[in-house]
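Notes follow once the structure below has been shown.
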Amino acid sequence: MTTPAYKFFRHWQVEDFPQGSRIAVYGAGLISDLFLDCLKERPDITITHVFNTYEKSQYRGYEVEIYDPQKVYDLDYIVATSMHWIAIVNYINPANECVTFTPFQERYKLSVVDDANKLLFVRNSHSASGSTTQMMEVHPCSARFVDMKDPKYKDYFKFSFVRNPFDRFLSMYDNFFIMPKENPENYIHLGGAPYLNVLPLLKSLGMNIDEITIDDFIDIYFNIGETMIDPHLKRQALTIGDCVDFLGLYEHYDDEIIRLKKEASLGPEYTRQIKYPLFKRKRPILTESHRQKLYSYYKCDFDKYNLDQSWHSGIHNVNYKGP
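Read left to right, the sequence shown gives residues 1 to 323 (full-length UniProt numbering).
This is the structure in structure tokens:
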């Protein structure tokens with residue numbers, strides 16, 4: 001019996017690296033920023049290279065090199081520090097060991113931060129995170145992983161939004177498997193983001209993407225391990241935790257923005273944004289079996305946020321606003 005490909009994906013924290021490791025960092029984005037910050041706790045680790053796939057550049061004092069998959073590098077590990085981690089792992093020469101740096105979700109939150117106004121939005125993917133980020137951008141702000149133990153952020157007003165897991169799943173399944181086939185022009189317009197992790201991982205499991213059913217997807221994808229799950233489908237209770245002062249419901253987004261502005265004392269310049277144009281969608285049916293399996297996985301979300309378990313149990317035909 002062949003070992004599933006995902007068994008070879010190793011997701012490490014900084015403390016998992018052996019003493020004195022010599023490593024290459026593959027990536028130069030937000031996850032790389034966090035990895036380098038965490039490495040301050042491991043002065044025994046030496047960075048020998050910083051890699052990118054397509055172009056050379058400068059990154060935090062390092063020369064970024066174009067990775068050569070034909071070459072074997074003299075180091076211990078190549079560390080994928082990117083949301084494209086599956087593509088990187090599959091691209092690396094097998095003669096070099098490759099691991100993925102996975103931020104410790106309970107402590108480090110991907111956020112949009114307005115330091116001047118001490119406002120911090122904890123991003124919860126596929127729950128109006130894009131629209132809310134656009135609203136935040138009326139003032140200078142930046143995306144970063146925030147260490148929730150950092151006293152710097154103690155007095156910041158922290159907020160986020162949560163979405164019913166059934167609806168969130170159906171929306172993402174629509175993006176993964178329906179929209180690319182039925183509406184390719186709109187899918188390209190929306191950016192095709194789900195292809196980053198979900199479909200490449202399924203291909204690594206030996207699955208035929210064109211033939212996969214919703215039953216296959218639920219049965220296989222939600223049993224691969226938490227570190228493998230795409231951020232758009234992660235448990236929201238883990239993504240958000242208990243760190244926010246305000247938690248709004250995606251399903252009542254307009255009303256929640258009004259409530260947020262009152263509680264956070266936001267000015268009139270903060271206005272409701274619509275990230276995607278309106279278009280009608282008819283999503284697939286969630287059977288009782290689907291709902292039971294999804295509820296089992298997302299039970300912590302339903303319990304923590306007191307969400308309605310009967311939400312969208314059948315065909316859902318709406319004026320769909322996109323993710």
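All residues carry an ideal CB built from backbone N, CA and C; glycine is no exception.
Treat the numbers as computed from the prediction; the structure is a model and nothing was measured.
Worksheet entry | Candidates V99, Y297, V122, V138, of which the one nearest I224 by Cα | Y297
Fill in: Extent of the continuous alpha helix (DSSP H) run through V198
198 to 204
Discussion item. Can you tell me whether R259 is helix, strand or coil according to DSSP?
Written reply: R259 sits in a helix when the DSSP states are folded into three classes.
Worksheet item: Among V244, N164, L75, which residue has its Cα nearest to the Cα of H252?
Response: N164
Worksheet item: Would you call the CB atoms of K71 and V64 closer than 7 Å?
Response: no
Item to complete: Specify the secondary structure class of A116 as computed by DSSP and reduced to three states.
Response: coil
Item to complete: Can you check DSSP and say which residues form a bridge with C98?
Response: I78
Worksheet item: Between F101 and W12, which are expected to be in contact by the criterion C-beta below 8 Å, what is the C-beta distance as a whole number of angstroms?
Response: 6 Å
Practice prompt. Give the DSSP bridge partners of Y59, in chain order.
Written response: Y62
Discussion item. DSSP three-state label for A237, please.
Written reply: helix
Worksheet item: How about P103 and L201: are their beta carbons less than 7 Å apart?
Response: no
Item to complete: Buried or exposed for V318, please, with buried defined as at least 16 other CB atoms from any protein chain shown within 10 angstroms of its CB.
Response: Confidence is the limiting factor: at V318 the pLDDT is only 34, short of 50, which leaves the residue's position unreliable, though a coordinate-based value still follows. V318 is exposed by the Cβ-count criterion.
Worksheet item: Can at least three beta-carbon pairs, one atom from the stretch 208 to 215 and one from the stretch 68 to 83, be found at a separation below 8 Å?
Response: no
Worksheet item: With DSSP run on the structure shown, which of helix, strand or coil describes V14?
Response: helix
Worksheet item: DSSP on Y108, reduced to helix/strand/coil?
Response: It is a strand residue.
Worksheet entry | Straight-line Cα distance separating K154 from Y67 | 40 Å
Worksheet item: Count the other CB atoms within 10 Å of the CB of T132; is the residue buried (16 or more) or exposed (fewer)?
Response: T132 is classed as buried because its beta carbon has at least 16 other beta carbons within 10 Å across all chains shown.
Item to complete: Locate the alpha helix (DSSP H) running through S32, then write down its first and last residues.
Response: 30 to 38 is the span of the alpha helix (DSSP H), which, as asked, contains S32.
Worksheet item: Can we say the stretch 135 to 144 touches the stretch 108 to 121, given the rule of at least three CB pairs closer than 8 Å?
Response: yes
Discussion item. Which of the three DSSP states is assigned to S125 in this structure?
Written reply: coil
Worksheet item: Which two residues bound the contiguous alpha helix (DSSP H) that contains N90?
Response: 85 to 91
Worksheet item: Is it the case that the Cβ atoms of R168 and V99 are separated by a distance below 7 Å?
Response: no
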